[in-house]
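A short write-up of the structure that comes next.
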Amino acid sequence: MKKIGILGGLGPESTIEYYRIITSLCRKKGMGHNYPVIIIYSVNFQEVNNLLVKENLSAYVDKLVDGINHLRLAGADFALIAANTPHLVFEEIKAKSSIPLISIVEETARIANKNCLRRLGLLGTKFTMEKGFYPAVFSKYGIQITIPNEDERNYIQEKIMKELVDGIIREETRKKFIKIIENLIAKENIDGVILGCTEIPLLISQEMVSIPVLNTTMIHAEAAFNYAIA
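Take any residue in the sequence shown, count from 1 to its spot, add 2: that is its number in my numbering.
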């Protein structure tokens, strides 16, 4: 099996989920305890996020590429960035990476297309919702992306940064997120919703929503597992 590299800490709670999902897939596939080697390099979230907030994207790319280089030196055969937001500069990171990278956006688009979804709502950080890298990839499959209104986007951003990245799960936050999804269904006629922040699946699951939910954490981790055992 190929050795999996995970660039984590973006944030820590979802990094834990990647490890849990990949190891649980081994058991589901009848592989027992024959787990792939998983190498995690966890960055300093605050340090990296400060570069993003300042929109110092050149330094942001270099910091993430440095993390991937550490994974390569530790023996990783390929890597994934365990977060959605850094994929706004995925192509720049990929160009500088010395090992293959699996894109969370590309993998999610592939699954959406496979399930014949054509108009999707997107929830994530403000960078993820507003910067356009999701629509750029999904448009190649003829899939439209729509996002919540500005007040809702601000609410989502606040709850991600002040609750979810720290593993804080509140019922009132869950209800509001579900209401935001329901608003997109009613106003934008979406036929699915992308949980475009790897912490949101800690709050929202398929049984809570009436339309298909694309859990980007699960999709990305499963893609890494399949690549590792191929």
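Even for Gly, the Cβ is constructed at its ideal location relative to N, Cα and C.
Just so we're clear, the structure is a prediction, and the values are computed from it rather than from any experiment.
Thinking just about the alpha-carbon of each residue, which of the options is nearest to the one in residue i?
i, options, result
"residue 90", "216, 232, 205, 199", "199"
"residue 38", "117, 77, 99", "77"
"residue 133", "87, 120, 190", "87"
"residue 5", "148, 73, 34", "73"
Whose C-beta lies closer than 8 Å to the C-beta of residue i among residues of the same chain, with five residues either side of it excluded?
i, result
"residue 104", "80, 81, 82, 222, 225, 226, 229"
"residue 180", "206, 210, 211"
"residue 101", "7, 70, 73, 74, 78, 79, 80, 81"
"residue 214", "117, 119, 193, 194, 195, 208"
For residue i, which residues of its own chain have a beta-carbon under 7 Å away from its beta-carbon, when the five flanking residues on both sides are left out?
i, result
"residue 13", "47, 167, 201"
"residue 96", "103"
"residue 141", "none"
"residue 147", "122, 124, 136, 137, 140"
In chain order, what residues of the same chain lie with their CB nearer than 6 Å to the CB of residue i, ignoring the 5 residues before and after it?
i, result
"residue 36", "none"
"residue 231", "3"
"residue 155", "128, 131"
Measure the CB-CB distance between residue i and residue j and report whether it falls below 7 Å.
i, j, result
"residue 193", "residue 119", "yes"
"residue 123", "residue 186", "yes"
"residue 178", "residue 159", "no"
"residue 99", "residue 70", "yes"
"residue 111", "residue 20", "no"
"residue 53", "residue 43", "no"
"residue 182", "residue 203", "no"
"residue 218", "residue 40", "no"
Please state the DSSP three-state secondary structure of residue i.
i, result
"residue 215", "strand"
"residue 104", "strand"
"residue 130", "helix"
"residue 119", "coil"
"residue 206", "coil"
"residue 113", "helix"
"residue 149", "coil"
Entirely enclosed beta strand (DSSP E) segments - the region 20-102, minimum 3 residues | Fully enclosed beta strand (DSSP E) runs of 3 or longer: 40-44, 80-83.
Run through the region 163-201 for me and flag every whole alpha helix (DSSP H) of 4 or more residues, listed as ranges in chain order.
-> 173-190
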